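Quick notes on the structure that follows.
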Amino acid sequence: NQAEKKGYPHFMLKEIMEQPEILKISSKISSEEIKKLAKLIKDSEKVYFIGMGTSYHACIYAEYLFSKLGKLVIACDASEFLNKGVVDEKTLVIALTQSGETYDTLKAMRYAKERGAKVGAIVNILGSTATREADITVLMGAGLEIAVCATKTFTSQLMIIYRLFIEFGKLLNKDMAVYERAIEKIPKYVKEVLNKKDYIERVTKDLKVNNYIFISRGINIVSALEGALKFKEITYLHAEGMSAGMLKHGTISLIDERMDTIAIVPPKNSRVFNSIISNIEEVKARNGKVIAITPVEIETADYNIITPNVIEEISPIIYAPAYQLLAYYKAVQLNRDVDKPRGLAKSVTVE
Ligand code: G6P
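So that you can map any letter, position 274 of the sequence shown is 895 in our numbering, and since no number is skipped, the others follow by simple counting.
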């Protein structure tokens, strides 16, 4: 068992550190299927991306990316799909599920199929139920993930969605060259963030409160939500993720020295870069501590975890290791069962 961890104290850390290699695989795997799925997206009137937990956050990434090409796709919590999904023969439902066995996701897939929709699945486990039931399956190639907390399977899902976005853009005759070129650099950027691990560990020593809020704007809403989920899953401390815009509509009243804020700052070229900076100032004005995951040093922040400055579209992939490590080191300090957090399962196969 220890050997399988390749010298790492936990599977989670091993899986976090594997991401540059895994992302190389995910950047090449399933090319034909991705093209086919992109064509289906183009030919469908309504497109849903459905999933649970971390996989649902990957669905939100799809929503933002496709909007850039003028295509409305809807991210939906799979457990609510039967309550609000509008499904007919011109609908495409793409299920994101690492295990391919999540009860709510399979149920939503079956519901869609019965109503004549096409069903695609982006899955990590070959031969899983989702792969058998979908009309088209895209494999992620993330390798076996043992820690309950999804890490490498998440960034690999984002990679697949990013490639789907590129193929879709090509079908619309858009120039996707910038995006294609960016793919090759992703593993290197991720490695740069992983190299900050000692600094990130040091930062977690100063996280002493019981409440955390993760904020961002734009496509990195995905990072805010996923960052909070990782954190609460394994530290058992309360964490919430939301858009910085929402902060003023309730949560800001909680901010003081007993609530720390993790601000995921979008790349410099983002149109929401300046507004997140003023949100950070608002938090500081209320005596809240701010940890920025950011491409540039933010003077008002208490800590800056500096990331490479990349195009906004790939930034959620690059930021992921930073908040994964933040959650990991905090959980280790608190002596949590990092790989098997209480009450959670790797795959939830019941309602
Ligand atoms: C469980 C796991 C999560 C995962 C979710 C969905 O809650 O603990 O890590 O994101 O299920 O799993 P799936 O296999 O469908 O991606």
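In this text, a Cβ means the ideal position worked out from N, Cα and C, and glycines have one as well.
Computed from a predicted model, the values in this text were never measured in an experiment.
>> With a threshold of 7 Å on Cβ separation, who are the neighbours of Pro937 within its own chain once the five nearest residues in sequence on each side are excluded?
In response: Tyr682, Leu779, Ile840, Asn841, Val843, Ser844
>> Which same chain residues end up closer than 8 Å to Leu815 when comparing Cβ atoms and leaving out the 5 residues on each side of it in sequence?
In response: The answer, listed in chain order, is Ile637, Met638, Gln640, Pro641, Pro942, Leu946.
> Mapping DSSP to helix, strand and coil, what is Ser749?
Replying inline: coil
> Quick one: what's Ile855 bridged to in DSSP?
Replying inline: Bridge partners of Ile855: none, in fact.
> Within the present structure, is the beta-carbon of Val969 separated from the nearest heavy atom of the ligand G6P by less than 7 Å?
Replying inline: yes
> Is the number of C-beta pairs between the region 846-858 and the region 868-880 that are closer than 8 Å three or more?
Replying inline: no
> Is Tyr950 helix, strand or coil when you go by DSSP?
Replying inline: helix
> For Leu571, is the classification buried or exposed, using 16 other Cβ atoms within 10 angstroms of its Cβ as the cut-off for buried?
Replying inline: Shown here, the chain extends from 622 to 972; a query on residue 571 therefore has no answer.
> According to the Cβ coordinates, are Gly672 and Ala699 closer than 8 Å?
Replying inline: yes
>> Within the continuous beta strand (DSSP E) that includes Asn925, where are the two ends?
In response: Counting along the chain, the beta strand (DSSP E) containing Asn925 begins and ends at 924-927.
> Got a sec: is the Cβ-Cβ distance from Ile927 to anything in chain D below 8 Å?
Replying inline: Protein chains in the displayed structure number just one, and chain D is not present.
> When DSSP builds the beta bridges, which residues end up paired with Phe620?
Replying inline: Absent from the structure is residue 620, since the part of the chain shown begins at 622 and ends at 972.
>> With a threshold of 7 Å (Cβ to nearest heavy atom), would Leu568 be considered close to the ligand G6P?
In response: In this structure the chain extends from 622 to 972, so residue 568 is not present and cannot be described.
>> Suppose the cutoff is 7 Å on Cβ atoms and the five residues either side in sequence are ignored; what does the same chain contact list for Lys851 look like?
In response: Cys770, Tyr944, Gln945, Ala948
> Under three-state DSSP, which class holds Glu861?
Replying inline: Here Glu861 sits in strand by DSSP.
> Should Leu954 be labelled buried (16 or more other beta-carbon atoms within 10 Å of its own) or exposed?
Replying inline: Residue 954 is actually Gln in this sequence, not Leu. Looking at its Cβ environment, which holds fewer than 16 other Cβ atoms inside 10 Å, Gln954 is exposed.
> Would you say Arg838 and Gly866 are within 8 Å of each other, going by their C-beta atoms?
Replying inline: yes
> Do the CB positions of Leu717 and Ser665 come within less than 8 Å of each other?
Replying inline: no
>> Can you tell me whether Ser665 is helix, strand or coil according to DSSP?
In response: coil
> Taking the alpha-carbon positions, what's the Glu918 to Thr723 distance?
Replying inline: 40 Å
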